[in-house]
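Residue numbers for the sequence shown follow the numbering used here, beginning at 57 and rising by one.
All C-beta atoms in this analysis are idealised placements derived from N, C-alpha and C, irrespective of residue type, glycine included.
Computed from a predicted structure; not experimentally measured.
Worksheet: one structure, shown below.
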Amino acid sequence: MKTKHHKRLVLILTAIVVMVISLGYFVTGTGAKRGQHSGEIFLYGEQHSVEQILEKEFELWSSYYRHDGMRHLFVELPYYTAQYLNLWMKSDSDDILDSLFEDWDGTAMCSQEVFRFYKRIKEECPETVFHGTDVGHQYSSTGKRFLEYLESTDQSRSRMYALAQENIGQGQYYYEHSDHAYRENTMVENFIREFDSLSGADVMGIYGSAHTDVEAMDYGTRSVPCMANQLHQRYGETLHTEDLSSLALSREPYRTDTIKIGEKEYSALYFGKTDLSAMLPDYQYREFWLLEDAYDDFKDCFVTGNVLPYNNYPMKIETGQIFVIDYKKTDGSLVREYHRSDGNSWQGMPATEEFHID
57 MKTKHHKRLV LILTAIVVMV ISLGYFVTGT GAKRGQHSGE IFLYGEQHSV
107 EQILEKEFEL WSSYYRHDGM RHLFVELPYY TAQYLNLWMK SDSDDILDSL
157 FEDWDGTAMC SQEVFRFYKR IKEECPETVF HGTDVGHQYS STGKRFLEYL
207 ESTDQSRSRM YALAQENIGQ GQYYYEHSDH AYRENTMVEN FIREFDSLSG
257 ADVMGIYGSA HTDVEAMDYG TRSVPCMANQ LHQRYGETLH TEDLSSLALS
307 REPYRTDTIK IGEKEYSALY FGKTDLSAML PDYQYREFWL LEDAYDDFKD
357 CFVTGNVLPY NNYPMKIETG QIFVIDYKKT DGSLVREYHR SDGNSWQGMP
407 ATEEFHID
């Protein structure tokens, strides 16, 4: 992932724009004869940037692509980011993808696993068309640069320009107000716009698992139905969902660290980081450690009432464990929390609870 000069990127984009504008759709319906469209939606929930999940997602997409003729892949990215990916798919270099990863620096999306995932799609499923339906993350970098590209290619009056502007406005509102209900509802509206424009094509979608449970409310607010819930109300049985996040729970720790608390050192199993940038605007990611043989030392510590459901962790949780969680904020600061699994639950979900260290 190397830095490229902005002017060179614009020249590359200009050279391939004609090919992208003329790009057609080649989808046939799942379970249907070639040339037919059934309008099925297959949503898969994930924990972001987990290698095992990305492997499964590529396996699924490759199968739909090769055996069912699908070409449309919906992703939890802004509209303009997906359009950049579509330009990159027709480019003979990785300059565009490199630039996107520079914009994602500091988030869990900026990983070699995600980079390889997109590279494999380009190499093995080259007619893939990406559809971004999230609010406008990275609007001051990716979004601004995409508008400049459209202006440089005389497309400032195009529908693409108008949608990119709208998407930037969505991101600005979301980050200004930290309004999770707004984000969830906007993701639904963007999804419907993109899907309905395909005239009955089958699609696959990859989103965080908080957005793909048809029975769930939005995790950030508990006040609105999540994206899949709302889509099910509109599309009924044509919507199919599966949660892949459990594939991350069986993985082994990446390494063993040592964490000192007070005067005692603990063996700490490191289970990696999960992206928070799309869910919590003031945060980039959080990292998880499991302290070995530590429960008895902290079982009587005062709890704060701050809980974290098990499904937020990248590993299996058992009662009687102690966890260290570091939150990386967008201003560069770190917030450390200590959590304990006492076998308690919150709103019907098993959850750990933060405790104070004396």
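On the DSSP letters alone, give me the boundaries of the beta strand (DSSP E) that residue i sits inside.
i: F358; result: It is not in any beta strand (DSSP E) - F358 carries neither H nor E in the DSSP assignment.
i: V259; result: V259 to G264
i: E132; result: H128 to P134
Roughly how many angstroms separate the alpha carbons of residue i and residue j, rounded to a whole number?
i: V191; j: E222; result: 9 Å
i: V185; j: T163; result: 24 Å
i: L466; j: Q377; result: Beyond the ends of the chain as shown, which are 57 and 414, falls residue 466; an answer cannot be given.
i: I248; j: I317; result: 50 Å
i: I68; j: G188; result: Any reading at I68 needs caution, since the residue's pLDDT is 42, under 50, leaving its predicted position unreliable; the model's value is listed next. About 22 Å.
i: G87; j: H296; result: Its pLDDT being 32, under 50, G87 is placed unreliably in this model, and the value from its coordinates should be taken loosely. Going by the C-alpha atoms only, they are around 14 Å apart.
i: Y351; j: W160; result: 37 Å
i: N362; j: E180; result: 45 Å
i: C282; j: G292; result: 15 Å
i: D353; j: P309; result: 23 Å
i: L110; j: Y263; result: 12 Å
i: Y322; j: T314; result: 6 Å
i: E348; j: H233; result: 40 Å
i: S279; j: G256; result: 31 Å
Per DSSP, what kind of secondary structure is residue i in: helix, strand or coil?
i: T314; result: strand
i: K175; result: helix
i: W144; result: helix
i: H104; result: coil
i: T39; result: This structure does not reach residue 39, given that the chain is present from 57 up to 414, and the question cannot be answered.
i: T330; result: strand
i: E298; result: strand
i: L325; result: strand
i: L336; result: coil
i: V185; result: strand
Compute the distance between the beta-carbons of residue i and residue j, then report whether it is under 8 Å.
i: L129; j: W117; result: yes
i: G125; j: L300; result: no
i: K372; j: Q340; result: no
i: G388; j: D258; result: no
i: F344; j: F358; result: no
i: F98; j: R176; result: no
i: P370; j: Q108; result: no
i: L325; j: L346; result: yes
i: L156; j: T198; result: yes
Need the endpoints of the alpha helix (DSSP H) that residue i sits in, please.
i: Q108; result: E107 to H123
i: F342; result: One point to set straight first is that residue 342 is Arg, not Phe, in the sequence displayed. Careful: R342 lies outside any alpha helix (DSSP H), inside the beta strand (DSSP E) at Y339 to L347.
i: H288; result: M283 to Y291
i: D151; result: D151 to D159
Report the start-end ranges of each alpha helix (DSSP H) in the stretch 187 to 226 that is 4 residues or longer and not cut off at the edges. 200 to 208
Output the residue ranges of the beta strand (DSSP E) runs that lie fully inside the stretch 349 to 409 and measure 3 residues or longer, sorted by chain position. 359 to 365, 377 to 385 and 390 to 397
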